[in-house]
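Chains as they are written, first to last, in my numbering: chain L, 1 to 108; chain D, 1 to 356.
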């Protein structure tokens, strides 16, 4: 399974996907999209909402990842568009959510 | 999309905004604690610096305890949790001030608070690696308690706390690889040996447990994959793998001690420096920015303190204890300088010629 649910202008779909692909967890050298952490993105006129999770609730780097998501999306969205990240723990992340590329890198 | 149960990543918790200045202050206090602890270490090596008596408690109790508890407080996103690293670091200050009893009991309180933090975490996320973090927290409490009441040997418990914390975090990472059913039970076995050995004061079993853990990490850890990446992930993997080798050496030295072989310095510092400091150096470029909210730009310069660490350990264990200890201290100073330089590079990334 790869990718994430996207709701919003088709024009922005690829740009949003590419932006999120740039957000990498440095400990594992994989993007949050490839790991399967991004559950969904909704873009409307005023706000972009990202629903995502982390592999563990014990991890202190969550805020850093959220910072990067906001920064990368800020670069591709129209000026003035707000970004809100929602952390979602249900359903919890499972290895099955990893993309094909991620599995190849981890030698599945 | 029902958003009621999701957390807004930016919402202040319980009406209190987590003050990044408080986090930075705690980070600074941890750095200062490390400096004083290392000075004490040089004293223990006979280099005429005061503080030989506080090297162990400051390093294992205050520094590692403070840093690990601070990370966990950031992850928990609960204001009260910051009192735990604060207490651990304050206990260090009390010890340096000569108030050993107060320091010891404040340390016990800090560890008890840390167990509570981990209980909360386990309630939120009842999975194996979180339970192992809880076991590590209990090891810290056992060490603090043992030291406070002056019974038993707290040393194996002191080390078990950061060692098992690392094991738990690496176990969490293994989920990214293809599931191997043997991994969790084998780790549970290594952990059981370490914990039982600490409880019974068996150097032989403790060393065997450390070696078993090193073998487990060598076989199951994702560092074997991420070392093939580039940049920061590769650097982290190199730190991890070098650390695992020293963990095995430490285990062997611990077994040697059980048979009367001289090797206490090797056992303790292969573990404390070769393994634990390599973990710190590997994770700091990611965790320090996460905790302090100060970004840093990674570069190949980070390899220099790692290489120096290996050289300094070779010198120390090769028979030149004092020269080695001095070089160990220089390694940590170089690492601190490298981190500061990385923060500076980030701030100036648009105004300087980029060179990687």
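Here a beta-carbon is modelled for each residue, glycine too, at the ideal position from N, C-alpha and C.
| Spatial distance of residue 185/D from residue 175/D (CA atoms) | About 14 Å.
| field | Where the region 129-140 of chain D meets chain L: residues whose CB sits under 9 Å from a CB there | value | Taking 9 Å as the Cβ-Cβ cut-off against chain L, the residues of the region 129-140 of chain D that qualify are 129, 130 and 133.
| message | To the nearest angstrom, how far is the alpha carbon of residue 214/D from that of residue 265/D? | response | Their backbone Cα atoms lie some 19 Å apart in a straight line.
| What residue range is occupied by the uninterrupted beta strand (DSSP E) comprising residue 6/L? | Per DSSP, the unbroken beta strand (DSSP E) holding residue 6/L starts and ends at 5-7.
| Hey, out of 202/D, 293/D, 311/D and 302/D, whose CA is closest to residue 67/L's CA? | When each option's Cα is compared against that of residue 67/L, the closest is 293/D.
| said: For residue 20/L, tell me which candidate among 54/L, 35/L, 72/L and 95/L has the shortest Cα-Cα distance. | reply: For residue 20/L, the nearest C-alpha among the options comes from 72/L.
| query | Sorted by chain position, which residues of the same chain lie with C-beta nearer than 7 Å to residue 106/D's C-beta, five sequence neighbours on each side aside? | reply | 87, 90, 91 and 94.
| task | Using the Cα positions of residue 23/D and residue 74/D, report the straight-line distance between them to the nearest angstrom. | result | Straight-line measurement puts the Cα of residue 74/D at about 9 Å from the Cα of residue 23/D.
| message | Tell me which residues share the same chain as residue 2/L and place their Cβ nearer than 7 Å to its Cβ, disregarding the 5 neighbours each side in the sequence. | response | With a pLDDT of 45 at residue 2/L, under the threshold of 50, the predicted position of this residue should be treated as unreliable, though the coordinate-derived value follows. Taken in chain order, the residues that qualify are 99 and 100.
| Roughly how many angstroms separate the alpha carbons of residue 198/D and residue 145/D, rounded to a whole number? | Using only the alpha carbons, I get a separation of about 13 Å.
| said: Less than 8 Å between CB atoms is the rule here; does residue 232/D satisfy it with respect to chain L? | reply: The beta-carbon of residue 232/D is placed less than 8 Å from the nearest beta-carbon of chain L.
| Going along the chain, which residues of the region 81-95 of chain L sit with their C-beta nearer than 9 Å to a C-beta in chain D? | Listed in sequence order: 84, 85, 86, 87, 88, 89, 90, 92, 93, 94 and 95.
| query | Do residue 27/L and residue 444/D come within 8 Å of each other at the CB atom, strictly closer than that value? | reply | Outside the shown range of chain D, which is 1 to 356, sits residue 444/D, and nothing can be said about it.
| Mind checking if residue 12/L is an interface residue toward chain D, Cβ cutoff 8 Å exclusive? | So no, residue 12/L is outside the interface.
| message | Could you tell me which whole alpha helix (DSSP H) segments of length 4 or greater appear in the region 196-268 of chain D? | response | Counting only runs of 4 or more, we get 203-220, 223-226 and 231-258.
| Candidates 72/D, 171/D and 112/D, of which the one nearest residue 188/D by Cα | When 72/D, 171/D and 112/D are compared, the shortest CA-CA separation from residue 188/D is found for 171/D.
| task | Consider the Cβ of residue 47/L: report whether some Cβ of chain D lies at a distance smaller than 8 Å. | result | Not closer than 8 Å to any Cβ of chain D, the Cβ of residue 47/L fails to qualify, so no.
| Given a threshold of 16 other Cβ atoms within 10 Å of its Cβ, counted over all protein chains shown, does residue 51/L qualify as buried or as exposed? | It counts as buried.
| task | Answer yes or no: does any C-beta atom of chain D fall closer than 8 Å to that of residue 26/L? | result | At least one chain D Cβ lies under 8 Å of residue 26/L.
| Integer-rounded CB distance, given that residue 70/D should sit under 8 Å from residue 112/D | Contact between residue 112/D and residue 70/D does not hold, since their C-beta atoms are separated by about 17 Å, which reaches or exceeds 8 Å.
| query | From residue 4/L to residue 45/L, what does the alpha carbon distance come to, in whole angstroms? | reply | A direct Cα-to-Cα measurement between residue 4/L and residue 45/L gives close to 20 Å.
| What does residue 286/D touch in chain C if you count any residue whose Cβ is under 8 Å from its own? | Note that chain C does not occur in the displayed structure, where the protein chains are L and D.
| query | Which chain L residues sit within Cβ distance under 7 Å of residue 166/D? | reply | Here the premise fails: no neighbours, minimum Cβ distance about 13 Å.
| Along the region 150-178 of chain D, what residues have a CB closer than 9 Å to any CB found in chain L? | Correct list: 168, 169, 172, 173, 175, 176, 177 and 178.
| message | Out of 109/D, 134/D, 166/D and 180/D, which one is the CA nearest neighbour of residue 147/D? | response | Answer by Cα proximity: 109/D.
| query | Residues of chain L with CB under 9 Å from residue 83/D, in chain order? | reply | None at all; the shortest Cβ gap to chain L is about 17 Å.
| task | May I have the straight-line CA-CA distance separating residue 247/D from residue 14/L, to the nearest angstrom? | result | A direct Cα-Cα distance of roughly 46 Å separates residue 247/D from residue 14/L.
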